[in-house]
Amino acid sequence: QVQLVESGGGVVQAGGSLRLSCAASGSTFSARRMAWYRQAPGKQRELVALISSLGVTTYAAFAKGRFTISRDNVKNTVSLQMNSLAPEDTAVYYCKSDSYGNTHWGQGTQVTVSS
Numbered sequence: 315q316v317q318l319v320e321s322g323g324g325v326v327q328a329g330g331s332l333r334l335s336c337a338a339s340g341s342t343f344s345a346r347r348m349a350w351y352r353q354a355p356g357k358q359r360e361l362v363a364l365i366s367s368l369g370v371t372t373y374a375a376f377a378k379g380r381f382t383i384s385r386d387n388v389k390n391t392v393s394l395q396m397n398s399l400a401p402e403d404t405a406v407y408y409c410k411s412d413s414y415g416n417t418h419w420g421q422g423t424q425v426t427v428s429s
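Numbering (the numbering used here), first residue to last: 315 to 429.
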């Protein structure tokens, strides 16, 4: 059974930073592709960044240069460092795990950026 628990969301002023973390339970974390998605009110959920089991990263255009995804295969965590936040980054951020055809989502953490 895979469980994902996000933390680190909150309210921050425009230009500020936040670091989100996702703690994963279950085995074979190192073999999973991990990703962060976000969903703003009235919008579809969208990919923010992903990191493969080998540590290869991919970013959405809006995240490049501002966000950094990383993983710790000892602690079974994946993090998202977000800098230069803007009001349009306001959303619920979700952690996602993919492995062997199985997909799991966390419950999400709210990020609110005030102008």
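Where is the CB? At the ideal position from N, CA and C, for every residue including glycine.
{"Query": "Beta-carbon proximity list for residue 412, same chain, < 7 Å, skipping 5 on both sides", "Result": "346, 347"}
{"Query": "Distance CB(residue 363)-CB(residue 350) smaller than 7 Å", "Result": "yes"}
{"Query": "Beta-carbon gap between residue 417 and residue 407 smaller than 7 Å", "Result": "no"}
{"Query": "Whether residue 352 touches residue 405 by CB criterion (7 Å)", "Result": "yes"}
{"Query": "Distance between residue 326 and residue 395 (C-alpha atoms, nearest Å)", "Result": "13 Å"}
{"Query": "Residue 343 (DSSP reduced to helix, strand or coil)", "Result": "helix"}
{"Query": "Inter-residue Cα distance where the pair is residue 420 and residue 410", "Result": "6 Å"}
{"Query": "Per DSSP, the bridge partner or partners of residue 324", "Result": "425"}
{"Query": "Straight-line gap, residue 380 to residue 414 (C-alpha atoms, nearest Å)", "Result": "31 Å"}
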